[in-house]
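Here's the structure, in structure tokens; my notes come after.
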Amino acid sequence: MTEQTKTAVNSATNFDPEAFAMNLAKAMENGGKALAAYLQPREDGEARDKPPNELTEMVKTFSAVAEYWMSDHDRSAELQAKAAKAYLDLWGSSMRRLAGEDAPPAFAPSPRDKRFADPEWRSNQFFDFVLQLYVLSTQWAHDLVKDAEGLDPHTRRKAEFYVKQITNALSPSNFVLTNPELLRETLASSGNNLVRGMKMLAEDIEAGRGTLRILADRSNRPVNDVIHDLQKAILIYRKQHSWSGSPMHSGHFFRR
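Sequential numbering from 1240 applies to the sequence shown in my numbering.
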């Protein structure tokens, strides 16, 4: 029995449906507290939301990319046909594997991408499909920018940066149901990690008075214990991510 199989068996053995239901309710309650912590300063007039300048720049940048592809009917049709073929190839490969054939992946992430190092990303057909779908969509988005002609270097660099940040934020490794490692942790703890994660999120938003502010520590523990936990959290975070992602990421659910 492989280590991965042992872990899956242990997760299933330790799973407590009653405790999971209770923890899910607690997580939702903490989610409500996080929302309240976000809204309260705005209701009191302490915080006001303004459209960030970066959002305006992003829209302008993507509009320049879209203009190139949409300004020519043949070019637009060729782009759509290429994308459709790629997604059909992925679907066909997944169906052959589902039928028991030893079909190689149509799309694979970089071997250096630590977010998908867990073996179940390949061994489990569902996670394998989700992974390949993400890789295909990410490549397609990057190609839109790379192949767009007539962009000045500054606009191209901004478009590449925005695409990278958005695709990283939408990575399946950031979500409980599409991350096999995080899903196993959730089952093994009967959802207790979700309760901790949502509680930390609420505390972080409350500490920032309506904005996210990651708290370094929440207790008066000895410094050595805090450093140990911090090092552990950093190692797990680096294993899952290669970027400084969205506020609510899987790191919230891995932290102690």
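Every residue, glycine too, gets a C-beta built ideally from N, C-alpha and C.
Local conformation of residue i per DSSP, three classes
i     : result
F1259 : helix
L1390 : coil
W1330 : helix
A1356 : coil
F1254 : coil
R1452 : coil
R1351 : coil
P1461 : Only weak support is given to the placement of P1461: the predicted model assigns it a pLDDT of 44, under 50, and the question is left unresolved by the model.
A1273 : helix
P1343 : coil
S1410 : coil
A1325 : helix
N1418 : coil
E1296 : helix
N1431 : helix
A1266 : helix
Sub-8 Å separation of residue i and residue j beta-carbons
i     : j     : result
A1258 : S1429 : yes
V1298 : A1387 : no
T1295 : K1397 : no
R1448 : E1285 : yes
D1443 : L1433 : no
V1402 : R1395 : no
W1360 : F1368 : no
N1253 : A1427 : yes
Own chain partners of residue i with C-beta closer than 7 Å, once the 5 adjacent residues on each side are dropped
i     : result
T1406 : T1377 and A1380
A1322 : W1379
D1255 : S1429
N1262 : S1429, G1430, N1431, L1433 and V1434
Cut-off 6 Å between Cβ atoms - residues of its own chain near residue i, not counting five sequence neighbours on either side
i     : result
N1269 : M1437, K1438 and A1441
A1342 : S1332, R1335 and R1336
K1272 : A1441
8 Å CB neighbourhood of residue i in its chain, flanking five on each side removed
i     : result
N1363 : P1419
* **Three-pair Cβ contact test at 8 Å for the region 1332 to 1346 versus the region 1371 to 1381** => Segments in contact, yes.
* Contact between the region 1399 to 1418 and the region 1310 to 1328: three or more CB pairs below 8 Å? -> Contact between the region 1399 to 1418 and the region 1310 to 1328 is absent, because fewer than three Cβ pairs lie under 8 Å.
* **Cβ contact check for the region 1326 to 1338 and the region 1388 to 1395: 3 or more pairs under 8 Å** => They do not touch, by the three-pair rule.
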